[in-house]
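A short worksheet on the structure shown next.
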Amino acid sequence: MRRTLAPSIGPLILGLTLVTGCSSSDTPSSSDRVDSTATTGTTSSQDSSKNDAAEVTIGSVGFVADDMLPTAYAVVDNPTKDIASIEVNFAAYDKSGDVVATETTYVIARSGSKMQVATYVSVPEDSKVDKVDAQVNVSDSQADDHPESKMTAKKVKVHVDEFSSTATGTIDSTYEQSVTNVEAVAICTDKSGKTVGAGSTYLDGKVVPGTPAPFEIPLSVDGKPTACTVTAGLSSLSEGS
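Structure below.
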């Protein structure tokens, strides 16, 4: 399993103003593992809005069985009043239920947002993934003083040819400052609505308020995607100016 350093939101200049982050225990997260089979696509967990106490949850999870870049993906729901750095732990299983691979990735989610994550999973050549599951853990959080600061994908298009598949478009920002190293994540479906693609990228240059920022996301696919949903937001590398 590849594991990267958990991002702390305290040092980021968000909205770009945050004070020192509080402990992860201040923002609750669900301990449930949400799973999905590779053949049936995405499975959703219980709607967190029905809970008396808001907590960060996995909204859905799935797997793209790309021959070269198998990819796990999930939608993370943050209905709390905090901005949070969230650890997403994936596990992949074969048909007999044995673990064949694990992977960890991170996402920063503003208050009231739903953010997508997608990460490569190193699957042994002698194994086939039957399902994946995922669990979330809040590694850092603090009150979100600027929940209105958002990044929105516009003019999203899917491009498929013999050699590659990509999602392109622009990101519009309502942040007060320009932001670098914005991460964009795509989850894509075919004509029937089945999820058949996913991928992520960091945008080049700065995302400037009021100026559409172009992106191109390379996709892992196990079908022919015709539409993509893209979310974008801060990463652990982001800086404001």
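Numbering (our numbering), first residue to last: 1019 to 1259. Using N, Cα and C, we set each Cβ at its ideal position, and we do this for glycine too.
DSSP places Glu1201 in the uninterrupted beta strand (DSSP E) bounded by Glu1201 to Thr1207. Distances from the alpha-carbon of Ser1103 to those of Val1156, Ser1129 and Lys1242 put Val1156 closest. Judged by their CB atoms, Ser1159 and Ile1076 are not nearer to each other than the 8 Å cut-off. The way I'd put it, the stretch 1109-1116 doesn't touch the stretch 1233-1253; fewer than three beta-carbon pairs between them come closer than 8 Å. Residue range Thr1213 to Tyr1220 is occupied by the beta strand (DSSP E) that includes Val1214. Tyr1193: not part of any beta strand (DSSP E); DSSP gives it neither H nor E. Annotation: the continuous beta strand (DSSP E) that includes Ala1231 extends over Ala1231 to Pro1236. Val1139 and Glu1121 do touch by the CB rule: their CB atoms are close to 5 Å apart, below 8 Å. Look at Phe1108 here: in three-state DSSP terms it is strand. As the crow flies, the alpha-carbon of Pro1230 is around 45 Å from that of Gly1115.
Taken through DSSP and simplified to helix, strand or coil, Phe1181 comes out as coil. In the three-state DSSP reduction, Ala1102 falls in the strand class (E or B). Inclusion of Thr1192 and Lys1168 in the CB contact set at 8 Å is warranted, their separation being smaller than that value. Cβ neighbours of Val1118 within its own chain (closer than 7 Å, five residues either side excluded): Ala1110, Tyr1111, Asp1112, Val1141, Pro1142, Ser1145 and Val1147. Where Val1139 is concerned, there is no enclosing beta strand (DSSP E), because DSSP gives it neither an H nor an E.
Pairing Thr1219 with Ala1072, the inter-Cα distance amounts to about 30 Å. DSSP links Met1133 through a beta bridge to Val1094. The beta carbon of Pro1088 sits closer than 6 Å to those of Val1139 and Val1141, all from its chain and outside the five residues before and after it, given in chain order.
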